[in-house]
Amino acid sequence: MLRGLVIYHEEQERAAAPVPYPWAVFLGDPYKKHGGSADNAAVADIELLGAWNGVAAVGSHRHYIARVQGQPLNIGVFVDETYDIGRIEDVHFNPWYSDAHPFVWHQTTHGRAFVMGRSDWEYVFNTFAFGYAIGYHFIERATGSMNGNFLGIGQDLATNASIQVDQSQPFGILITNGEFTAFCDGKGFSPPSCKDPAQLVVSAQNNGAVKLVNSAFWGPTAQIAKVDGKGTVTFSQCHFDSWDNYIHNGTRVHSGTAAIQQFGGTLIVTQSEFTMGANQDKPHAPGHFWVGPRAKKTIISENIITGTLAVVNEGKGKTIIANNADDSP
Numbered sequence: 002m003l004r005g006l007v008i009y010h011e012e013q014e015r016a017a018a019p020v021p022y023p024w025a026v027f028l029g030d031p032y033k034k035h036g037g038s039a040d041n042a043a044v045a046d047i048e049l050l051g052a053w054n055g056v057a058a059v060g061s062h063r064h065y066i067a068r069v070q071g072q073p074l075n076i077g078v079f080v081d082e083t084y085d086i087g088r089i090e091d092v093h094f095n096p097w098y099s100d101a102h103p104f105v106w107h108q109t110t111h112g113r114a115f116v117m118g119r120s121d122w123e124y125v126f127n128t129f130a131f132g133y134a135i136g137y138h139f140i141e142r143a144t145g146s147m148n149g150n151f152l153g154i155g156q157d158l159a160t161n162a163s164i165q166v167d168q169s170q171p172f173g174i175l176i177t178n179g180e181f182t183a184f185c186d187g188k189g190f191s192p193p194s195c196k197d198p199a200q201l202v203v204s205a206q207n208n209g210a211v212k213l214v215n216s217a218f219w220g221p222t223a224q225i226a227k228v229d230g231k232g233t234v235t236f237s238q239c240h241f242d243s244w245d246n247y248i249h250n251g252t253r254v255h256s257g258t259a260a261i262q263q264f265g266g267t268l269i270v271t272q273s274e275f276t277m278g279a280n281q282d283k284p285h286a287p288g289h290f291w292v293g294p295r296a297k298k299t300i301i302s303e304n305i306i307t308g309t310l311a312v313v314n315e316g317k318g319k320t321i322i323a324n325n326a327d328d329s330p
C-alpha cells in the first residue's frame with residue numbers, strides 16, 4: 002500500500018502549457034517486464050499536485066484507490082484489465098494547483114477525470130471532478146469494456162461530456178445519486194473552443210446498458226443527453242434543468258436542441274422532472290425529446306414537465322408516451 006503522501010511535480014509551471022510526466026502512481030506492471038502481480042494493490046490518502054496522469058490500476062485485481070485529491074491534468078484515474086472487483090472511493094479532483102491559461106485549458110480541452118477500460122464489477126463511491134473535457138469515460142480496450150456500480154458520483158463543468166460511454170458490458174453501468182453539469186463557463190476555465198456540451202453521451206458502438214437513477218443534470222448546457230448504440234439507456238427519478246442554453250463566447254446559445262436526443266438503441270425516461278430553472282433564459286421554451294429514425298424502442302412515462310411536453314418523433318420503432326404531467330390545458 003502507498004499511503005500518506007503529497008506527490009508534487011514542482012517543475013510543472015502553473016501558467017504555461019503543461020508538460021507530460023509518467024504516471025504519479027501505477028498499480029501494475031506498465032511495461033509487462035516482470036511477470037508479477039499487482040493484485041490487492043492499494044493507494045490511499047494522497048494529494049497530486051501538477052501531475053500529468055494520476056493513478057492507474059492495470060492488471061490489478063481487487064485494487065483499492067481511496068481518498069485521493071489533487072489536479073491531474075490529463076487523466077485522473079485509469080482502470081483496465083481488472084477481473085476481480087476493484088474499488089475507488091472518496092476521490093476529489095479540482096483545479097486548485099492552477100487555473101491559469103493556457104495551463105488549465107489543456108485539462109478542459111483534453112483532460113479526463115476517470116477513464117474506465119476493462120473491469121468486472123468495479124465499485125465506485127463518492128467521487129467528484131471539476132473542469133475536465135470528460136468526467137467519466139467508459140472505453141473499449143483490447144481486453145474488453147466494463148460493468149460497474151457508481152454511487153454518489155459527480156462531474157462539475159465538463160466542457161464535452163460529464164459521462165461518455167463508448168462501450169460497456171451487457172450487464173451495464175449502474176449510476177445512482179449522481180450530479181452532473183456540462184457547460185462553457187465563459188469565465189476562463191473552459192477554452193474559447195468550448196461548444197455543445199452535454200451531460201451524457203452514449204456512442205453508436207455501445208452495446209451495453211446505461212442506467213441512471215436519482216440523479217441531477219443541470220447547466221447552462223447544450224443538452225442533457227445524446228444516446229445511441231444498441232443498448233438501453235434508462236433515466237429514473239432524475240432531475241433535468243437548463244438545456245439548449247449554453248454559453249459560447251459570452252453569449253447564450255439557443256439552437257433548438259431537445260434535452261434528450263435518441264439517435265439509436267432503446268431509451269426509457271420515467272418518473273423524472275424537467276424544469277427550466279434559474280439558468281434558463283425566458284421566454285425561451287426548449288424541447289424535451291427528439292427520437293431519431295434509428296431508435297429501436299422508446300418509453301417516456303410518468304414525468305413532471307414545466308411547460309408543455311415537446312416530443313419530436315421521427316422514429317420507426319415502438320414509442321410509448323404516457324401519463325406525463327405537464328402544464329398544458
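In the numbering used here, the protein residues as written are 2 to 330. Glycine residues also receive a C-beta, built at the ideal position from the N, C-alpha and C atoms.
Beta-carbon gap between residue i and residue j smaller than 8 Å
| i | j | result |
| --- | --- | --- |
| I76 | N54 | yes |
| T276 | T307 | yes |
| S61 | G29 | yes |
| A205 | N161 | no |
| P192 | T252 | no |
| A17 | F151 | no |
| V254 | H289 | no |
| S216 | I174 | no |
| Q272 | G293 | no |
| P171 | G209 | yes |
| A67 | A45 | yes |
| T258 | T233 | no |
Residues near residue i in its chain [Cβ-Cβ closer than 6 Å; skip 5 each side]
| i | result |
| --- | --- |
| N127 | E90, D91 and G153 |
| K1 | Residue 1 lies beyond the range of the chain shown here (2 to 330); nothing can be said about it. |
| Q156 | A130, G136, S163 and F181 |
| A25 | I8, L49, A52 and G55 |
| W106 | P192 |
| T235 | K212 and I269 |
| V116 | I76, F79 and H138 |
| H102 | none |
| H240 | A217 and E274 |
| A114 | G77, F94, A130, Y133 and G136 |
| N304 | S273 and N325 |
| L201 | I164 and A226 |
| V59 | G29, D81 and E82 |
| K317 | P294 |
8 Å contact criterion, which residue i and residue j should meet: CB distance rounded
| i | j | result |
| --- | --- | --- |
| A199 | K231 | Actually they do not touch by this definition, with Cβ atoms about 20 Å apart. |
| F27 | A57 | 5 Å |
| C185 | I248 | 5 Å |
| L213 | F190 | 25 Å between Cβ atoms; not a contact. |
| G149 | V125 | 6 Å |
| S302 | A326 | Wrong, their Cβ atoms sit about 11 Å apart, outside the cutoff. |
| R63 | D40 | 6 Å |
Residue i classed as buried or exposed, judged by whether at least 16 other C-beta atoms fall within 10 angstroms
| i | result |
| --- | --- |
| F181 | buried |
| D85 | exposed |
| P96 | buried |
| V78 | buried |
| V331 | In the structure as shown, the chain starts at 2 and stops at 330, and residue 331 therefore has no counterpart that could be examined. |
| R4 | exposed |
| S194 | exposed |
| M2 | exposed |
| E123 | buried |
| S329 | exposed |
| G265 | buried |
| S169 | buried |
| I225 | buried |
| N207 | buried |
| I47 | buried |
| I321 | exposed |
Start and end residues, alpha helix (DSSP H) containing residue i
| i | result |
| --- | --- |
| T110 | F104 to H111 |
C-beta neighbour in chain B for residue i, strict 8 Å
| i | result |
| --- | --- |
| G316 | Absence of chain B from the displayed structure is noted, only one protein chain being present. |
Endpoints, the beta strand (DSSP E) within which residue i is located
| i | result |
| --- | --- |
| P294 | F290 to S302 |
| R88 | R88 to F94 |
| W97 | Segment: none, W97 is in no beta strand (DSSP E) and carries neither H nor E. |
| S163 | M147 to V166 |
| T258 | From DSSP, T258 is part of no beta strand (DSSP E); its letter is neither H nor E. |
| H240 | H240 to D242 |
| I176 | I174 to T177 |
| H138 | S120 to F139 |
| L3 | L3 to Y9 |
| V20 | Here V20 belongs to no beta strand (DSSP E), and DSSP marks it neither H nor E. |
| T307 | First-last for T307: undefined, no H or E at that position. |
Cβ-based neighbour list, residue i, same chain, cut-off 8 Å, excluding 5 preceding and 5 following
| i | result |
| --- | --- |
| N280 | Unreliable placement is indicated for N280, whose pLDDT of 48 sits below 50; the coordinate value is still reported in the next sentence. Excluding sequence neighbours, N280 sits near W219, G220, P221, D242, S243 and N246. |
| Q331 | Because residue 331 is not part of the residues shown, which for the chain are 2 to 330, the question remains open. |
| K196 | C185, A223, Y247, H249 and V254 |
Sequence-distant residues of the same chain with beta carbon closer than 7 Å to residue i, five excluded per side
| i | result |
| --- | --- |
| R142 | D81, G118 and R119 |
| H10 | Y22, L50, G51 and A52 |
| Q13 | P19, V20 and G51 |
| Q238 | V214, N215, Q272 and S273 |
| I295 | Looking at the sequence provided, one finds Arg at residue 295 rather than Ile. The residues are F264 and G265. |
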